[in-house]
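All you need for the numbering used here is the position in the sequence shown, starting with 1, plus 366.
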Amino acid sequence: MDEEVIKLDSIWKIFGDRANEAMAAIQKDNLSKAEVLAEFECVVGVADCSFSIDRGEIFCVMGLSGSGKSTMVRHLNRLIEPTSGQLSILGKDLLSLGSEDLREMRAKHIGMVFQHMALLPHRTVRDNVAFPLQVRGEPKSHRWEVSQRCLSLVNLDGFEDRFPRELSGGMQQRVGLARALASDPEVLLMDEPFSALDPLIRRQLQDQFMALSAELDKTTVFITHDLDEAIRIGNRIAIMKDGRIVQIGTPEDIVTKPADDYVKDFVEGISRLKLVFAHSIMEDINRYNGEPLDGAPRVPHGTDLDELIDVSTGTEQPIVVQNDDGTDVGVIDKSTLLKGIQGGKA
367 MDEEVIKLDS IWKIFGDRAN EAMAAIQKDN LSKAEVLAEF ECVVGVADCS FSIDRGEIFC
427 VMGLSGSGKS TMVRHLNRLI EPTSGQLSIL GKDLLSLGSE DLREMRAKHI GMVFQHMALL
487 PHRTVRDNVA FPLQVRGEPK SHRWEVSQRC LSLVNLDGFE DRFPRELSGG MQQRVGLARA
547 LASDPEVLLM DEPFSALDPL IRRQLQDQFM ALSAELDKTT VFITHDLDEA IRIGNRIAIM
607 KDGRIVQIGT PEDIVTKPAD DYVKDFVEGI SRLKLVFAHS IMEDINRYNG EPLDGAPRVP
667 HGTDLDELID VSTGTEQPIV VQNDDGTDVG VIDKSTLLKG IQGGKA
C-alpha cells in the first residue's frame with residue numbers, strides 16, 4: 367500500500383491587508399480573482415489547491431509565470447502561511463507546529479533546492495554542503511563525512527576544497543542538491559532548480575536527479591515552467607493557472623487527455639511517441655474481427671508508440687498486446703497505430 371507523505375486540502379493564499387475579508391467573500395459569493403482584486407485590493411496567489419503525494423513520488427507542478435506554482439511550494443515548509451486550508455507532511459499537521467517544531471521539521475525532514483542556490487561564497491564546497499549540519503550542532507568529523515558522501519552522490523569528488531566562484535553553473539547546482547541531501551530529508555522541494563542552465567547540462571542534471579531520487583527514495587515536489595522537463599521526470603504532473611490546479615495526471619494523461627484548452631495549448635507541441643503506450647490505444651481482443659492472430663507479433667502493454675512503430679514496420683499482421691501475465695488482451699492494427707500517433711483515438 368502506498369504511503370502518503372504530503373497532503374494539501376483546499377489551500378488558499380490571499381495577499382493583502384484585507385485577506386481574511388476577501389477569503390470570507392470568496393466562500394460566500396464565489397468571487398473571481400479579478401473581483402477580489404477590484405473589491406478588496408488583494409491578490410489570490412493560490413486558490414483551493416488539493417492533492418496528495420506518495421513516498422518516493424516525483425510530483426511536478428508547472429504553469430506559466432504568475433500561475434502560483436512557487437507560492438504553492440513555499441507553503442510546504444511554511445515559508446508562506448496559508449490564508450485557509452489544511453496541510454500535513456509525514457503525518458504531521460504542519461500548520462499546528464510551533465516555531466521550535468517547525469525548525470526541526472525543516473532541518474531534518476524537508477530539503478529545498480532553489481534556482482539560485484545562494485551558496486556561501488567564503489566557504490568551500492565541503493563547508494557549503496555541511497552547513498545545514500553545522501546549524502544543527504553536529505560535530506565537524508560527522509559533518510565532513512556526510513558532506514563527502516553527498517558530494518560523491520552528485521559526482522563532485524575532488525572539488526571539496528574549491529569555492530563556488532571556481533565552479534560552473536551546473537556544478538553549483540549539484541552543490542546545492544548535495545546540501546539539500548546532507549540532512550537526509552524525506553521530502554525535497556525543488557523550485558525550478560535547472561531552469562537557468564544550458565540544455566545539455568540541464569538534461570544531465572535531470573538524469574542524475576532521477577537516479578538519485580530512485581536510489582534514495584525521496585519524495586519530491588518539483589516546480590518547473592517547462593512541460594518537457596515535467597514529462598521527463600515526473601510520475602505525475604499538476605498544471606496550474608491563476609493560482610488553481612486545472613489538471614493532475616500522469617504524463618500520458620496530460621498529453622492524451624488534456625482537461626481544457628489551456629492544457630491542450632501546453633501539450634500541443636509535445637511528441638507522443640514516448641508517452642503513449644499500447645494499453646491506451648489497443649482494441650479489445652474480444653472485439654477484434656480481423657485476420658487470425660496466431661503468428662502475430664506480441665508486445666507488453668507498456669510498449670510505447672516509438673517501439674510499436676518499429677514492430678509494425680516489420681510485419682503485415684496486427685500487433686497483439688499482452689498483460690503482465692502474458693495473456694493476450696488487445697490488438698493494434700496499422701489504422702489504430704496511426705490514430706494513436708495522431709491523437710485521434712486517445
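All C-beta atoms in this analysis are idealised placements derived from N, C-alpha and C, irrespective of residue type, glycine included.
For clarity, every value in this text was computed on a predicted model and none was experimentally measured.
Between threonine 586 and valine 553, the gap from beta carbon to beta carbon is short of 9 Å. The beta carbon of isoleucine 446 is closer than 7 Å to those of Lys379, Thr437 and Arg440 in its chain, skipping five residues each way along the sequence. Linking lysine 640 to proline 684 through their CA atoms gives a straight-line distance of about 20 Å. If one requires a minimum length of 4 residues, the alpha helix (DSSP H) runs lying completely within the segment 427-509 are 435-439, 465-474 and 491-501, in chain order.
Assignment of beta-bridge partners to methionine 556 by DSSP yields Val479 and Phe588. Between arginine 610 and glutamine 572 the beta-carbon gap is near 27 Å, outside 8 Å, which marks them as no contact. Excluding residues up to 5 positions away in sequence, Ile419, Val587 and Arg602 lie with their Cβ nearer than 6 Å to the Cβ of phenylalanine 425 in the same chain. For glutamate 618, the uninterrupted alpha helix (DSSP H) segment begins and ends at 617-622. Per DSSP, the unbroken beta strand (DSSP E) holding valine 695 starts and ends at 694-698. The three-state reading of DSSP puts leucine 571 in helix, counting H, G and I together.
C-alpha of methionine 648 to C-alpha of alanine 662: approximately 14 Å in a straight line. In the DSSP assignment, valine 677 falls outside any beta strand (DSSP E) and within the unbroken alpha helix (DSSP H) covering 671-679. Taking a 10 Å sphere around the C-beta of alanine 413, we find 16 or more other C-beta atoms and assign the residue as buried. Here isoleucine 636 is actually not in contact with methionine 428; their C-beta atoms are around 12 Å apart, not less than 8 Å. When the beta-carbon positions are compared, valine 665 and valine 677 come within less than 9 Å of each other. For arginine 540, the closest of Ala548, Leu522 and Glu526 by C-alpha to C-alpha distance is Leu522. The distance from the Cβ of alanine 388 to that of cysteine 408 is about 4 Å, consistent with a contact at the 8 Å cut-off. As DSSP reads the structure, lysine 607 sits in a beta bridge with Arg610. Sorting Arg515, Asp368, Thr449 and Pro617 by C-alpha distance to the C-alpha of leucine 593 places Pro617 at the top. In the structure shown, the three-state DSSP call for leucine 639 is coil. When DSSP reads this structure, aspartate 631 sits in no beta bridge, so it has no partner. Classified as exposed, aspartate 626 has fewer than 16 neighbouring CB atoms from the shown chains inside 10 Å of its CB.
Residue nearest to glutamine 688 within the set Lys705, Thr669, Gly680 and Asp608 is Thr669 (criterion: CA-CA distance). Taking all protein chains in view, the Cβ of proline 498 is crowded by 16 or more other Cβ atoms within 10 Å, so the residue is classified as buried.
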